[in-house]
Amino acid sequence: MSILSDAFLCGWRVQSEICLPELLPWEDPGAAVDIRIRLGEVPPLQKIVASTRRLTVDDTGLCRLEIPNVVTFSVRDGREIVIDPFTSPDSIELRNYLFGTGLGLVCHQRGVFPLHGSCLQLGEGAVIFSGNSGSGKSTLAAALAHRGYSLMADDVCVITKTNRGWVVLPAFPRVKLLPASLQAIFGVEAEQAGLSLQGKHHFRFEPVRSFARNPVPLEAIYFLERTQNEEPDSIVDVPGLKRLALLESQIFRPRAGNLLGRRASLFRSSAGIAATVPIFELRRNFDLKRIGATIAMLEGAHRVPASFSSWSG
Amino acid sequence: MPPAHHRIEIEDTVAWSGKALASQICEEVVLMNLERGYYYSLDDIGSEIWRSLEQPVSVASLCQSLAAKYHAEAATVTADVLTLLNKLLEHELIAVVGG
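Sequence lines, in order, name chains A and B. According to my numbering, the first sequence is numbered sequentially starting from 37. According to my numbering, the second sequence is numbered sequentially starting from 2.
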């Protein structure tokens, strides 16, 4: 068995027995390990206090997630993950659940706020694109990353409060894309470019060229709304209560958070973010050919370094 | 425990029901009913009334102090306060604790 180097995830040092090629290597050898991932058996929990279809939680807060035909894993204290793969420990679908629900559980156990969305650094601040599945978050993130902006997260944005206010912790430098988006953004047929698509949903963790490891103050959250026909793209301010309701609706794995006793704390975080971070609705057409117009509008709304105005990408 | 259709009157004492989460967004108090998952927001005077209900308070003394503070007619204040309190009660955000 090869010795794997530790990895970076949201500023946490991750020591893993399975290969996590999507994560950046850890750099500081003196730092303590924050999350250990090992292979092992994950038997059903004994003293179950709460459960959903796939998730069970015991009286110590240990979570067990069972994804049929892919993996069963447990997460304890936001620090220990035990993985029991159905077949290969190297399957992309297994990592998809690990970086999705697994990361969500880690966040709820660690008491940080996971918001469903993609995040990039635009100018000095972190900007999150949130919204329902299929609203185009990852595609917009990929297009912005392709233009050179630093990606911070895709799918799960980890937010925490510091003495500088609310900040986003950068996760890992990949966007999860489907073939249509790959083609529109990178101008290639996925198969032609040798971009092998994996998993039963045919997605790919596409690398991005720019990623920074430091937490960045959260500057704005956009909730994506698809428009019809010829309605031009627009940015619309969201009033107070709707801000809260939108944030609450996009908490990542909210039921897991509730089962872990985080309901009140998540509400306080949502309200705290809603009170201090500008929140907008980004109304845009879903036509991928028009994504350039959306990007131009966002660049107008955020302070973007001059170098980007001459970017030809 | 009063029946669900109980209407709050001036002689009642009311307080938070414990079923709501509350927080503040700018000037507004926002509430969520934990059991129903509904969200509510209160304007500035509504927010002030909400904050005063953390501990049981008699509706009469609440109306009195609001009328004095805002130099408003007692009857008007009482009517407005009862309307708000009954809405909060209907959504189980507050409860009658004594009469």
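Even for Gly, the Cβ is constructed at its ideal location relative to N, Cα and C.
Contact under 8 Å by Cβ, A:Val252 with A:Val211: no
Sub-8 Å separation of A:His182 and A:Phe288 beta-carbons: no
For A:Phe303, the first and last residue of its enclosing alpha helix (DSSP H): Arg299 to Thr312
For A:Thr96, three-class secondary structure by DSSP: coil
Unbroken beta strand (DSSP E) run spanning B:Ala16, endpoints: Thr14 to Trp17
Start-to-end residues for the beta strand (DSSP E) that takes in A:Gly276: A:Gly276 -> not in any beta strand (DSSP E); alpha helix (DSSP H) instead, spanning Gly276 to Ser285.
Neighbour-count burial assignment, A:Pro65, 16 or more Cβ in a 10 Å radius: exposed
Alpha helix (DSSP H) segment containing B:Glu49, residue limits: Asp45 to Ser53
Distance CB(A:Ala189)-CB(A:Val204) smaller than 8 Å: yes
Runs of alpha helix (DSSP H) lying entirely within the stretch 150–217 of chain A, each at least 4 residues, in chain order: 173–182
Chain A contact for B:Ile26 (CB, 8 Å cutoff): yes
Closest residue to B:Ile50 among B:Leu63, B:Tyr39, B:Gly38 and B:Gln25 (Cα-Cα distance): B:Leu63
Nonlocal neighbours in the same chain, by C-beta distance under 7 Å from A:Leu180, ignoring five residues either side: Leu156 and Ile331
Contact with chain B by A:Gly66, beta-carbon distance below 8 Å: no
Helix, strand or coil at A:Thr108 [DSSP, three-state]: strand
Test item: CB-CB of B:Ile26 and A:Gly276 under 8 Å: yes
Sheet register partners of A:Asp70 (DSSP bridge): Paired residues: none, contrary to the question.
Given 8 Å, three or more beta-carbon pairs between the stretch 121–140 of chain A and the stretch 166–173 of chain A: no
Given A:Arg112 as reference, the closest of A:Ser301, A:Phe303, A:Val93 and A:Val148 once Cα atoms are compared: A:Val93
Pairwise C-alpha distance: B:Glu12 and A:Arg115: 54 Å
CB contact below 8 Å: B:Leu22 versus chain A: yes
Contact under 8 Å by Cβ, A:Val78 with A:Phe109: yes
8 Å Cβ cutoff, A:Phe322 in contact with chain B: no
Interface partners of B:Tyr40 on chain A, CB under 7 Å: Leu277, Leu280 and Ala281
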